[in-house]
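A.B. asks: Following this message is one structure expressed as structure tokens.
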Ligand code: GLY
Ligand code: MN
Ligand code: MN
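Numbering (this note's numbering), first residue to last: 947 to 1381.
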């Protein structure tokens, strides 16, 4: 079994080396694979590796542990399940100890069954223990029990301090390397194709289920899995931000909002489009759509090296507020509506988030209480929307319309690179594609 498809041993080694340099020689780092989760008796959920573990090792198996001891003769010790033909008959191939030695680029590889015997020796005489606090309760508890045992022994000095590994590791994950960008481009390309197929399918579909099926079909035939539960929201179901039931009849006069992305080698895409089921926008739909489209374009323009993380949200809010005033859905000045947050009646979420191994990826948005500054090879989503309620003060033609347009954007010195640019987005592009 491959650790992960397209595994790049060199890239993973660099990540572990950087982490070791950062924690220093009096530290030990221990990180465990995600456990299998049971859906119910004997039936597991599809296995998804812990993103941090995947990032450092590339191994897509449960019951494995990485221990880093910077400065030691053996710096990278890896534990995983040994080959076992009987078990592999039931659950599929394992990489095994010999396989891990060949491909993972570790210094030493052992059977996971020997972890408890070896771990105290690895932790001994290192003052700090780094692990993922709160991420893997059972492993965390186990580490601390071992540490307590060590303190009872005269031949070993267990780590006296425990440190959260997340800040260092997540800061590293925030800047994507070339191999990560490659996976993200592929995830975006497959997701873009899925969205294009769903647009075509809408013309003949009578229920949201059919569009949901089209998305899954496209992901699956490319060997990808959904990065999150897709949203296929016809008409006013789009006003429910996390609608995932995806089983209601499609009204040919309405819009349908699809928010869907797949995962490739663990890396997510996250794309939204909103389009008319019939392939033709009504005037009211057009008017609202243009507001969101303009907001998205201005927000993407604000995704620049050196800009504040907050700038693209502010750009979207300003454009949406201007548009809402022009359409008569808000009254007064742009500044007052922003200052008093009146736009939030129609736009209640943020304009984006980091994207990577997790769809809402790790990494701080603020440093020392200030919005952080954008750097090359950060990747984020830009996803403004408008969600118009049924209030008596809303002109009837606008009521119950929900629109979101979401793209995945890589930050480069040459400007924003839209990874999901293949999906039709302007009114003209969508109508032309659907025709
Ligand atoms: N699909 C989840 C999001 O857009 O954040
Ligand atoms: Mn989304
Ligand atoms: Mn998103």
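Glycine included, C-beta positions come from ideal geometry on N, C-alpha and C.
Alpha carbon to alpha carbon, what distance is there between residue 1159 and residue 950?
C.D. replies: Against the chain shown, residue 950 aligns to sequence position 4. Against the chain shown, residue 1159 aligns to sequence position 213. Whole-angstrom Cα-Cα distance: 26 Å.
A.B. asks: Closest to residue 1211 by C-alpha separation, out of 1054, 1359, 997, would be which residue?
C.D. replies: Stepping through the chain shown from its first residue, residue 1211 is reached at position 265. Considering only alpha carbons, the answer is 997.
A.B. asks: Between the beta-carbon of residue 1008 and the beta-carbon of residue 981, is there less than 8 Å?
C.D. replies: As a working note, residue 1008 is residue 62 in the chain shown. As a working note, residue 981 is residue 35 in the chain shown. Yes, the Cβ-Cβ distance between residue 1008 and residue 981 is below 8 Å.
A.B. asks: Does the Cβ of residue 1283 have 16 or more other Cβ atoms within 10 Å, making it buried, or fewer, making it exposed?
C.D. replies: As a working note, residue 1283 is residue 337 in the chain shown. With 16 or more other Cβ atoms within 10 Å, it is buried.
A.B. asks: Where does the unbroken beta strand (DSSP E) through residue 1332 begin, and where does it stop?
C.D. replies: Counted from its first residue, the chain shown places residue 1332 at position 386. Residues 1331 to 1333.
A.B. asks: By Cβ distance below 6 Å, which residues in the same chain neighbour residue 1262 in space, the five residues on each side in sequence not counted?
C.D. replies: The sequence position of residue 1262 within the chain shown is 316, counting from 1. Only 1241, 1245, 1297, 1330 meet the Cβ criterion.
A.B. asks: With a 10 Å radius around its C-beta and 16 neighbouring C-beta atoms as the bar for buried, classify residue 1129 as buried or exposed.
C.D. replies: Working through the chain shown from its first residue, we reach residue 1129 at position 183. With 16 or more other Cβ atoms within 10 Å, it is buried.
A.B. asks: Give every residue of the same chain whose Cβ lies closer than 7 Å to the Cβ of residue 1256, excluding the five residues on either side of it in the sequence, and list them in chain order.
C.D. replies: As a first step, residue 1256 is located in the chain shown; it is residue number 310 there, counting from the start. If we look at residue 1256 and ignore the five residues flanking it on each side, its Cβ neighbours are 1317.
A.B. asks: Quick check: what's the CA-CA separation for residue 1194 versus residue 1214?
C.D. replies: What you label residue 1194 is simply residue 248 of the chain shown in a count that begins at 1. What you label residue 1214 is simply residue 268 of the chain shown in a count that begins at 1. Using only the alpha carbons, I get a separation of about 27 Å.
A.B. asks: May I ask you to check if the CB of residue 1414 is nearer than 7 Å to at least one heavy atom of ligand 3?
C.D. replies: Past the edges of the chain, shown from 947 to 1381, lies residue 1414, and the structure says nothing about it.
A.B. asks: Three-state secondary structure (DSSP) at residue 1363?
C.D. replies: The residue given as residue 1363 occupies position 417 in the chain shown. If DSSP states are grouped into helix, strand and coil, residue 1363 belongs with the strands.
A.B. asks: Using the beta-carbon count (16 or more within 10 Å), is residue 1036 buried or exposed?
C.D. replies: As a working note, residue 1036 is residue 90 in the chain shown. Exposed: under 16 other Cβ atoms inside 10 Å.
A.B. asks: From residue 1011 to residue 1132, what does the alpha carbon distance come to, in whole angstroms?
C.D. replies: In the chain shown, the residue the question calls residue 1011 occupies position 65. In the chain shown, the residue the question calls residue 1132 occupies position 186. Going from the Cα of residue 1011 to the Cα of residue 1132 covers about 29 Å.
A.B. asks: By Cβ distance below 6 Å, which residues in the same chain neighbour residue 947 in space, the five residues on each side in sequence not counted?
C.D. replies: By 1-based counting over the chain shown, the position of residue 947 is 1. Caution applies to residue 947, whose pLDDT of 47 falls short of 50 and renders its modelled position unreliable; the value that the coordinates give is listed next. Cβ neighbours of residue 947 beyond the five flanking positions: 1039, 1041.
A.B. asks: When you compare each of 1363, 979, 1376 to residue 1223 by their alpha carbons, which one comes out closest?
C.D. replies: Here residue 1223 refers to the residue found at position 277 of the chain shown. Per the Cα distances, 1376.
A.B. asks: For the structure I just gave you, are there three or more beta carbon pairs, one from the segment 1041 to 1050 and one from the segment 1058 to 1070, closer than 8 Å?
C.D. replies: Judged by Cβ distances under 8 Å, the segment 1041 to 1050 makes no contact with the segment 1058 to 1070, as fewer than three pairs qualify.
A.B. asks: Using three-state DSSP, classify residue 947 as helix, strand or coil.
C.D. replies: Working through the chain shown from its first residue, we reach residue 947 at position 1. In this prediction, residue 947 has a pLDDT of 47, which is less than 50 and means its spatial position is unreliable; nothing more can be read from the coordinates.
A.B. asks: For residue 1110, decide whether its Cβ has a neighbour in chain D, counting only Cβ atoms nearer than 8 Å.
C.D. replies: Protein chains in the displayed structure number just one, and chain D is not present.
A.B. asks: Measure the alpha-carbon distance for residue 1231 versus residue 1334 and round it to whole angstroms.
C.D. replies: Here residue 1231 corresponds to residue number 285 of the chain shown, with the count starting at 1. Here residue 1334 corresponds to residue number 388 of the chain shown, with the count starting at 1. Spanning the two alpha carbons is a distance of roughly 11 Å.
A.B. asks: Can you tell me which residues form a DSSP beta bridge with residue 1014?
C.D. replies: Working through the chain shown from its first residue, we reach residue 1014 at position 68. DSSP output for residue 1014 lists 975, 1022 as bridge partner(s).
A.B. asks: Spatial neighbours of residue 1369 within its chain, please: C-beta separation below 7 Å, excluding the five flanking residues on both sides.
C.D. replies: Position 423 of the chain shown holds residue 1369. Contacts found: 1138, 1141, 1142, 1217, 1219.
A.B. asks: Is it right to say residue 1341 is buried, meaning 16 or more other beta carbons lie within 10 angstroms of its own, or is it exposed?
C.D. replies: The residue labelled residue 1341 in the question sits at position 395 within the chain shown. Under this definition residue 1341 is an exposed residue.
A.B. asks: For ligand 3, any of its heavy atoms closer than 7 Å to the Cβ of residue 1220?
C.D. replies: Within the chain shown, residue 1220 is the residue found at index 274, counting from 1. Not so, every heavy atom of ligand 3 lies at least 7 Å from the Cβ.
A.B. asks: For the alpha helix (DSSP H) containing residue 1074, list its first residue and its last residue.
C.D. replies: Here residue 1074 refers to the residue found at position 128 when the chain shown is read from its first residue. Here residue 1074 belongs to no alpha helix (DSSP H); instead the beta strand (DSSP E) covers 1074 to 1077.
A.B. asks: Is the segment 1087 to 1094 touching the segment 1289 to 1304 in the sense that three or more CB pairs, one from each, lie closer than 8 Å?
C.D. replies: The segment 1289 to 1304 is not in contact with the segment 1087 to 1094.
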